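Student:
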Amino acid sequence: GPQMMKGYYKREKETNETIREGWLWTGDLAMMDEDGYFVIKDRIKNLIKYKGHSVYPTEVEDLLYYHDAIEECGVIGIIDDGGNENIKAYIVLKEEYKDKGIKEQDIINWAKENMAGDKYPRFVQFIDEIPKTIVGKILHRELKELENKKKTP
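Following this note's numbering, the numbering of the sequence shown begins with 968 at its first residue and continues without gaps.
1. Can you list, in chain order, the residues of its chain whose CB lies under 6 Å from that of I1045, leaving out five sequence neighbours each side?
2. Please confirm if the region 1066-1082 is in contact with the region 1027-1034, defined as three or more CB-CB distances below 8 Å between the two stretches.
3. If you drop the 5 nearest sequence neighbours on each side, which residues of the same chain put their C-beta closer than 6 Å to that of D1085?
4. From the DSSP output, which residues share a beta bridge with P1055?
5. If we call anything under 8 Å between Cβ atoms a contact, is I1011 one with L991?
6. When the distance is taken between beta carbons, is P1024 closer than 8 Å to I1037?
7. Got a sec, what are the start and stop residues for the beta strand (DSSP E) K1070 sits in?
8. With DSSP as the reference, label I1037 as helix, strand or coil.
9. For D1095 and G989, what's the separation of their Cα atoms in angstroms?
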(Lines of atoms letter the chains of each structure in order from A and count residues from 1; the text may use other names and numbers.)
(Lines give C-alpha, C1' and ligand atoms only; values in the text may rest on other atoms or scores of the structure.)
Protein backbone atom coordinates (compact mmCIF):
# COMPACT_ATOMS: atom_id res chain seq x y z
CA GLY A 1 0.00 0.00 0.00
CA PRO A 2 0.93 3.68 0.04
CA GLN A 3 2.59 3.32 3.44
CA MET A 4 5.33 1.23 1.79
CA MET A 5 6.55 3.71 -0.84
CA LYS A 6 5.27 5.95 -3.60
CA GLY A 7 7.89 4.81 -6.08
CA TYR A 8 11.47 5.26 -7.15
CA TYR A 9 12.65 8.84 -7.51
CA LYS A 10 12.72 9.81 -11.22
CA ARG A 11 12.52 6.13 -12.26
CA GLU A 12 9.00 5.66 -13.58
CA LYS A 13 9.72 2.40 -15.43
CA GLU A 14 11.13 0.70 -12.31
CA THR A 15 8.24 2.06 -10.24
CA ASN A 16 5.68 0.61 -12.67
CA GLU A 17 7.45 -2.77 -12.64
CA THR A 18 7.56 -2.85 -8.84
CA ILE A 19 4.17 -1.42 -7.87
CA ARG A 20 1.34 -3.22 -9.67
CA GLU A 21 -2.33 -2.65 -8.88
CA GLY A 22 -1.39 -1.30 -5.46
CA TRP A 23 0.86 -4.24 -4.58
CA LEU A 24 4.62 -4.04 -3.99
CA TRP A 25 6.30 -6.81 -5.99
CA THR A 26 9.54 -7.45 -4.10
CA GLY A 27 10.83 -10.25 -6.30
CA ASP A 28 11.30 -12.53 -3.29
CA LEU A 29 10.70 -16.26 -3.73
CA ALA A 30 9.15 -17.87 -0.67
CA MET A 31 7.84 -21.28 0.33
CA MET A 32 5.49 -22.26 3.12
CA ASP A 33 6.98 -24.79 5.54
CA GLU A 34 5.09 -27.63 7.20
CA ASP A 35 4.10 -25.35 10.11
CA GLY A 36 2.58 -22.72 7.82
CA TYR A 37 5.46 -20.25 8.08
CA PHE A 38 6.84 -18.56 4.98
CA VAL A 39 10.55 -18.94 4.33
CA ILE A 40 12.31 -16.61 1.87
CA LYS A 41 14.35 -18.81 -0.48
CA ASP A 42 15.89 -16.31 -2.89
CA ARG A 43 15.14 -13.51 -5.34
CA ILE A 44 13.31 -14.29 -8.58
CA LYS A 45 15.98 -12.35 -10.53
CA ASN A 46 18.63 -14.75 -9.21
CA LEU A 47 16.78 -18.01 -9.92
CA ILE A 48 18.72 -20.31 -12.24
CA LYS A 49 16.84 -22.56 -14.67
CA TYR A 50 19.14 -25.52 -15.24
CA LYS A 51 17.73 -28.15 -17.63
CA GLY A 52 14.18 -27.46 -16.46
CA HIS A 53 15.09 -27.42 -12.76
CA SER A 54 14.78 -24.31 -10.58
CA VAL A 55 18.05 -23.79 -8.73
CA TYR A 56 18.29 -21.24 -5.92
CA PRO A 57 21.78 -19.68 -5.82
CA THR A 58 21.68 -19.28 -2.03
CA GLU A 59 21.06 -23.02 -1.65
CA VAL A 60 24.14 -23.83 -3.74
CA GLU A 61 26.18 -21.20 -1.88
CA ASP A 62 25.15 -22.66 1.49
CA LEU A 63 26.31 -26.10 0.38
CA LEU A 64 29.62 -24.80 -1.01
CA TYR A 65 30.48 -23.38 2.42
CA TYR A 66 30.90 -26.96 3.66
CA HIS A 67 34.11 -27.16 1.60
CA ASP A 68 37.05 -26.49 3.92
CA ALA A 69 38.86 -24.20 1.47
CA ILE A 70 35.98 -21.82 0.69
CA GLU A 71 35.93 -18.47 2.49
CA GLU A 72 33.16 -16.87 0.42
CA CYS A 73 31.18 -17.68 -2.69
CA GLY A 74 28.52 -16.34 -5.01
CA VAL A 75 26.53 -18.38 -7.52
CA ILE A 76 24.90 -17.15 -10.73
CA GLY A 77 23.38 -18.55 -13.88
CA ILE A 78 25.39 -18.08 -17.06
CA ILE A 79 24.26 -18.64 -20.63
CA ASP A 80 26.42 -20.99 -22.70
CA ASP A 81 26.97 -20.82 -26.46
CA GLY A 82 23.91 -23.03 -27.03
CA GLY A 83 21.65 -20.62 -25.14
CA ASN A 84 21.30 -22.90 -22.10
CA GLU A 85 21.67 -21.65 -18.54
CA ASN A 86 24.43 -23.20 -16.44
CA ILE A 87 25.52 -22.81 -12.83
CA LYS A 88 28.71 -20.88 -12.07
CA ALA A 89 30.32 -20.28 -8.69
CA TYR A 90 32.65 -17.40 -7.94
CA ILE A 91 34.84 -18.43 -5.03
CA VAL A 92 37.21 -16.75 -2.60
CA LEU A 93 39.58 -19.27 -1.06
CA LYS A 94 40.59 -19.08 2.59
CA GLU A 95 44.04 -17.54 2.98
CA GLU A 96 45.62 -20.79 4.19
CA TYR A 97 44.42 -22.61 1.04
CA LYS A 98 45.54 -20.08 -1.58
CA ASP A 99 48.99 -21.64 -2.02
CA LYS A 100 47.86 -25.29 -1.82
CA GLY A 101 47.29 -25.68 -5.56
CA ILE A 102 43.51 -26.03 -5.43
CA LYS A 103 42.07 -25.90 -8.94
CA GLU A 104 38.60 -24.95 -10.14
CA GLN A 105 38.01 -28.56 -11.19
CA ASP A 106 38.73 -29.70 -7.61
CA ILE A 107 35.80 -27.59 -6.40
CA ILE A 108 33.54 -28.86 -9.20
CA ASN A 109 34.44 -32.48 -8.38
CA TRP A 110 33.76 -31.95 -4.67
CA ALA A 111 30.43 -30.27 -5.43
CA LYS A 112 29.45 -33.07 -7.81
CA GLU A 113 30.04 -35.61 -5.02
CA ASN A 114 28.23 -33.57 -2.34
CA MET A 115 25.28 -31.98 -4.15
CA ALA A 116 22.30 -33.09 -6.19
CA GLY A 117 22.99 -33.47 -9.90
CA ASP A 118 20.98 -30.38 -10.83
CA LYS A 119 22.62 -28.17 -8.18
CA TYR A 120 26.38 -28.41 -8.45
CA PRO A 121 28.26 -25.68 -10.34
CA ARG A 122 29.54 -26.65 -13.77
CA PHE A 123 31.90 -23.67 -13.79
CA VAL A 124 34.06 -22.17 -11.04
CA GLN A 125 36.16 -19.04 -11.02
CA PHE A 126 38.42 -17.93 -8.19
CA ILE A 127 38.28 -14.23 -7.36
CA ASP A 128 39.75 -12.04 -4.61
CA GLU A 129 36.48 -10.64 -3.28
CA ILE A 130 32.74 -11.27 -3.58
CA PRO A 131 30.83 -8.02 -4.23
CA LYS A 132 28.41 -7.29 -1.38
CA THR A 133 26.00 -4.65 -0.20
CA ILE A 134 26.75 -2.50 2.81
CA VAL A 135 24.88 -5.03 4.99
CA GLY A 136 26.81 -8.00 3.56
CA LYS A 137 24.38 -9.45 1.01
CA ILE A 138 25.93 -10.86 -2.16
CA LEU A 139 25.48 -8.61 -5.19
CA HIS A 140 24.61 -11.28 -7.75
CA ARG A 141 23.98 -8.49 -10.27
CA GLU A 142 27.65 -7.47 -10.09
CA LEU A 143 28.77 -11.07 -10.57
CA LYS A 144 26.61 -11.21 -13.72
CA GLU A 145 28.15 -7.93 -14.90
CA LEU A 146 31.60 -9.42 -14.32
CA GLU A 147 30.60 -12.41 -16.43
CA ASN A 148 29.17 -10.22 -19.19
CA LYS A 149 32.38 -8.15 -19.36
CA LYS A 150 34.28 -11.34 -20.25
CA LYS A 151 31.99 -11.92 -23.24
CA THR A 152 32.22 -8.36 -24.55
CA PRO A 153 35.34 -7.66 -26.66
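All C-beta atoms, glycine included, are put in the ideal place defined by N, C-alpha and C.
Since we're looking at a predicted model, the values are computed, not measured.
Tutor: To lay it out plainly:
1. Exclusion of the five residues before and after I1045 leaves N1053, K1055, E1114 as the residues of its chain whose Cβ lies within less than 6 Å of its Cβ.
2. yes
3. Y1017, H1020
4. Checking the displayed sequence, the identity of residue 1055 turns out to be Lys instead of Pro. Looking at the DSSP output, K1055 shares a beta bridge with I1043, F1090.
5. no
6. no
7. No beta strand (DSSP E) contains K1070, which DSSP labels as neither H nor E.
8. strand
9. 43 Å
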